[in-house]
Amino acid sequence: MSKQLPLALALLLAAGTASAQSGKIKVKTKPGRNAATTTPAPAAAPTDWSVTYAQTITPAGLKADLDVLASDAYEGRETGKKGQKMAADYIAKAFAANGLTGPVAGSDNPYIQHFGMKRTSLDLAASTVKVGSQTFQGKRDFYGIMTDAFATGAPLQPVFVGYGIKEDKYSDFAAPADYKGKDLILLAGEPLNGQGKSLLGLDGKASAYASATLDGLMARRKGIFPLGARSIILVMPTAAAYSAVPQAFGQLMDHDDLTFDGAEKKSSGFNILMVSPEMGAKLLGTTPAALDKYRQSVAKAGKPVASPFKPAAATAQAKLNTEPFTTENVLGYLEGGDKKDELLVVSAHYDHLGVKDGVVFNGADDDGSGTVSVLAMARAFSQAKKEGHGPRRSILFLANTGEEEGLLGSQYYTDHPVFPLEKTVTDLNIDMVGRVDSLHQGKGDYVYLVGADRLSTELNALSEATNQQYNPLALDYKYNDPADPEQIYYRSDHYNFAKHNVPIIFYTSGLHPQYHKATDDVEFIDFPAMARRDQLIFHTAWALAERDARVALKPEFVKTNFAPTAADLDRYAGTYGSAQIPLKITFTREGSALKAQATGQPAFTLEAVSPGVFKFDPAQLRVEFSPEQPTFKLKQGGGEFEFKKE
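Position in the sequence shown counted from 1, then plus 54, gives you my numbering.
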């Protein structure tokens, strides 16, 4: 499962969207049977072949595949690297051995969908920041991510923002200011009171901002990310905290930027630097001792205080290396019967994080578990067809690459579909189904469902009815809550199908301490629990492939041919603000389209639905303008926010 969130979600990050669901677990049981009567017994029910073939998905079979794909020999399956290509070959051969067809025309291997990419990596040790006459060097004085904004050397535009915290009771951003394009310098850790206790935590206990780690930085995201800054420069409080940066921020280290061949050059991304106390002080034109004095003054005042610092002139130079490479999705196709022109997709990503500092990240759960689940279902459906019980609809078993780098493989497939997306009825996506998380210890008979109700009420009903019919699992909707901070709906390959209005269900067993760690190994997988989940997914796929009519979209997601007039678009144009969330949104007319740009984010085009109503599919946002006054309502999931023209 990817850690990355699309930039379009800045609205969600800022908004803290209100919940549309309770996050409750639903457990459905089989209905009771009526007592026997004297009437003649009905004819025997036809065989439920879904049960027969679901039973071919076994813990032993899943383990046999995972022992191979999550072994050290596959080198963590990093996108474009040797191990990923070994895994692609293994999956393609498994599809072929089980009688699936390779559907990719023009490929040297019809099971393989090749595509070209470029990999840009930061040579941190060769990157520098020069402050006055002093040069600070990467991996010695700072760590982090630098983009092409500094590829040719560029002056910093430093702004000190204290601890970088924005809360009702404590805000370093209380005074209005323009931070767009600036480089924000902030102190790691949290403000304390005179007794050394947290000003923000409950009863003086440490708050979410306290740790000088990635978690402490991410706690600030709602206050900082919508500001449109170019960089965050996080000043470590002590030499010890700085020496721990490679481990504390390990998930940011050695990050490569992958882009599609031929793609338009995108605007520079976000820069994040974690710097030593000495470098941080130098950037602020002061000393580490003076930084400590500032912390003490905040403690004494019990609130943010004006900064005495005058940031120094500085220039940053990033050493970036770019190389082209090829990667591949793996596709196995099973042709259906009387409804073969309609397609069900069963997907998982097979890439992982590769090798870091000589240590293999095997990704047994993420997403070896989903990959071997797809293989098991492909075998089960293929066996059903061989024995005369094949599906009515066709099924594409899709193993995606590049998910960990930003859902790249599924984006490529949905932008270059082998089968028309308008004929694709549903995507069932499987990512991390091999564990039992901390909320379900001792209770492996559960699965998290995400997205089943987002686009199609019928799909959600089918999903729950199928679970009720077959030895029910506990269906947990915690991560389906639009307000859930993990925002998992946007973080795996189903999202690229949902962007194109293909109904989806995402299945996962949740996060765990080994997530994105080198310890995500086969030994931690609960294969019996995983087999139960896979059997439910198989039953759901069977029901979708067999039903008479494809599941219908909700009316609001059915495309229309409505075209607004130029006068209407001009009337909606302008900049709007909200008292509910810290965002401004500017609308402009470009030809016959209305474009929107949120604070600090790229512009995007809205699709007209009806008079005054527009939507943006990738984030499933809905904009409804009022006909009487210059206001609009922004809707997403269960959240609704009112904006007024300034």
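Positions of the beta carbon are idealized from the N, C-alpha and C atoms, including for glycine.
query                                                                                                                                   : result
Given glutamine 634 as reference, the closest of Glu682, Ala150, Phe686 and Lys57 once Cα atoms are compared                            : Phe686
Residues of its chain near asparagine 247, where Cβ-Cβ distance is below 8 angstroms and the 5 sequence neighbours each way are ignored : Leu253, Gly258, Ala353 and Gly356
Validate contact between the stretch 436-450 and the stretch 128-140 using beta carbons, cut 8 angstroms, 3 pairs                       : no
Spatially closest choice to phenylalanine 149 from Gly386, Ala205, Leu123 and Phe303, by CA coordinates                                 : Gly386
Aspartate 315 vs lysine 172 beta-carbon contact at 8 angstroms                                                                          : yes
Other residues of its chain near histidine 570: CB distance less than 8 angstroms, five sequence neighbours each side excluded          : Lys57, Gln305, Leu407, Phe415 and Asp420
Nearest-angstrom Cβ-Cβ length linking aspartate 491 and serine 563, presumed shorter than 8 angstroms                                   : 6 angstroms
Candidates Tyr224, Glu382 and Gly207: closest to valine 215 by CA position                                                              : Tyr224
Nearest-angstrom Cα separation, counted from isoleucine 449 out to glutamate 389                                                        : 7 angstroms
Assigned secondary structure, serine 73 (DSSP; H/G/I helix, E/B strand, else coil)                                                      : With a pLDDT of only 35 at serine 73, under the threshold of 50, the placement of this residue in the model should not be trusted, and no figure is reported.
Cβ-based neighbour list, leucine 241, same chain, cut-off 6 angstroms, excluding 5 preceding and 5 following                            : Tyr217 and Val289
Touch test, the stretch 392-407 against the stretch 451-470, Cβ-Cβ under 8 angstroms, three pairs minimum                               : yes
Residue interval of the alpha helix (DSSP H) (run including alanine 647)                                                                : From DSSP, alanine 647 is part of no alpha helix (DSSP H) but of the beta strand (DSSP E) over 647-652.
Residue environment, leucine 493, which counts as buried when at least 16 other CB atoms sit within 10 Å                                : exposed
Burial state of arginine 194, where buried means 16 or more other Cβ atoms lie within 10 Å                                              : exposed
Rounded straight-line distance, which links the Cα of leucine 527 to that of lysine 117                                                 : 21 angstroms
Run of the beta strand (DSSP E) containing arginine 489, from where it starts to where it stops                                         : Element bounds for arginine 489: n/a, residue is neither H nor E.
CB contact flag (leucine 503, isoleucine 542, <8 angstroms)                                                                             : no
Valine 81 (DSSP reduced to helix, strand or coil)                                                                                       : For valine 81, the pLDDT reaches just 42, beneath the cut-off of 50, and the residue's location in the model is therefore unreliable, although a value from the coordinates is still provided. Three-state result, valine 81: strand.
Cα-Cα separation between alanine 260 and threonine 267, rounded to whole angstroms                                                      : 14 angstroms
Three-state secondary structure assigned by DSSP to phenylalanine 670                                                                   : strand
Close-in-space but distant-in-sequence residues of the same chain around glutamine 465 (CB under 6 angstroms, 5 per side omitted)       : Asn550
Exposed unless 16 or more other CB atoms sit within 10 angstroms - verdict on asparagine 483                                            : buried
Exposed unless 16 or more other CB atoms sit within 10 angstroms - verdict on glutamine 589                                             : buried
Start-to-end residues for the alpha helix (DSSP H) that takes in phenylalanine 551                                                      : 548-552
Glycine 456 versus Phe473, Asp507 and Glu382, residue with shortest Cα-Cα distance                                                      : Glu382
Beta-bridge pairing of proline 209 - partner residues as DSSP gives them                                                                : Thr369
Rounded straight-line distance, which links the Cα of serine 161 to that of leucine 461                                                 : 22 angstroms
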